[in-house]
Amino acid sequence: MGSTVFAVLLPIALALIMLGLGLTLTVDDFARVLRYPKAAVIALVCQMLVLPGVCLGLIYLFGLDGALAAGMMLLAASPGGPSANLFSHIAGGNVALNITLTAVNSVLAVFTMPLVVALSFALFLEDSESIGLRPDKFAQVFAIVLIPVALGMYLHRRFPAWSERMRGKVKILSIVVLVLVVTAAVAKNFDTLTENIGTLASICLLFAVISLTVGYFAPKLLNVDTDQAIASAMEIGIHNGAIAIAVAASVLHNDTMAVPGAVYGVLMNLPAAVAAYLLARHTRVAARV
């Protein structure tokens, strides 16, 4: 039953999420990176290089190993999550930049995630040959991440009115299916979760806090505007746990690797909400000065 859930519902859930993303995107969203080149480059460097390094340090600090450690690295390599735009809006961030970063990062993740996975297998599973950089793994990641996005963008361009009507419905449906899949992931690996819940919760929360902090202060230190720094913080701080879970279970066929993504997907909302509140408050105070 568990295998059937992962084999059927998980790809559907991720396809719906990425289709929903595609329904909000246009080609201009990718081109917009030229309007915010400095902020975009800083955010992408932090996302693709700094955060995997931070995650690796936390893994060694907390003594996590095996498939759970590889799952954390997979999460770190995932692009920004769909809720980043919402938290950015609440915090007073540049949501247009968020949309651009999500679009660009989703494309880049197709190439960077297999690299991180190969490194993770070599470090923690001693089985790097089983994944390596095999073309079929690239193809599967491409299929589950980019094809639904491209379809959504096509539908948005071809049928704009229908696209507007469907966005909310697709989002609600994807959330419902994702909740079912996360629940199934937890249930299937309940013993693994309970044995490691303290370590996983600590790493996920700390990783979320560090990601949000790096995402905000790295651009600010390099004189990026505050609204763009807030967008960067939310994009970098809120990883797409759904992609991590889907790649772990559907592409790598390792359900244990999906557990960190499920734990993070629940817990990251707390530091993200706190960060959004503090940044919104800071933005209001600064506006009055």
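Just so we're on the same page, the numbering used here is the position in the sequence shown counted from 1, plus 283. Glycine included, C-beta positions come from ideal geometry on N, C-alpha and C. What you are looking at is a predicted structure, and each value in this text was computed from that prediction instead of being measured.
- For the set M301, A379 and L306, the Cα lying nearest the Cα of A444 is the one of L306.
- Taking the C-beta atoms as reference points, F345 is found no nearer than 8 Å to V393.
- Within the segment 415-448, the complete alpha helix (DSSP H) runs of at least 4 residues fall at 418-441.
- With fewer than 16 other beta carbons inside 10 angstroms of its own, I455 counts as exposed.
- Taken through DSSP and simplified to helix, strand or coil, G364 comes out as coil.
- With 16 or more other Cβ atoms from the protein chains shown falling within 10 Å of its own Cβ, A360 counts as buried.
- Spatial neighbours of S366 in its own chain (CB-CB distance under 7 Å, excluding positions within 5 residues in sequence) are listed in chain order as I521.
- Cα atoms of V507 and A555: separation of roughly 21 Å, rounded to the nearest angstrom.
- Rounded to whole angstroms, the gap between the alpha carbons of I493 and I295 is 31 Å.
- For the segment 452-514, the continuous alpha helix (DSSP H) assignments of 4+ residues that do not extend past its boundaries occur at 473-504, in sequence order.
- Shown here for N523: same chain residues with a beta carbon closer than 6 Å to its own, the five before and five after excluded, namely S361, P362 and G364 in chain order.
- In the pairwise beta carbon analysis, the segment 302-316 is classified as touching the segment 433-448: at least three pairs are separated by under 8 Å.
- If the five residues before and after N479 are omitted, its C-beta is found closer than 7 Å to the C-beta atoms of L351, all from its own chain and listed in chain order.
- For the 8 Å CB-CB criterion, Y499 and A525 do not form a contact.
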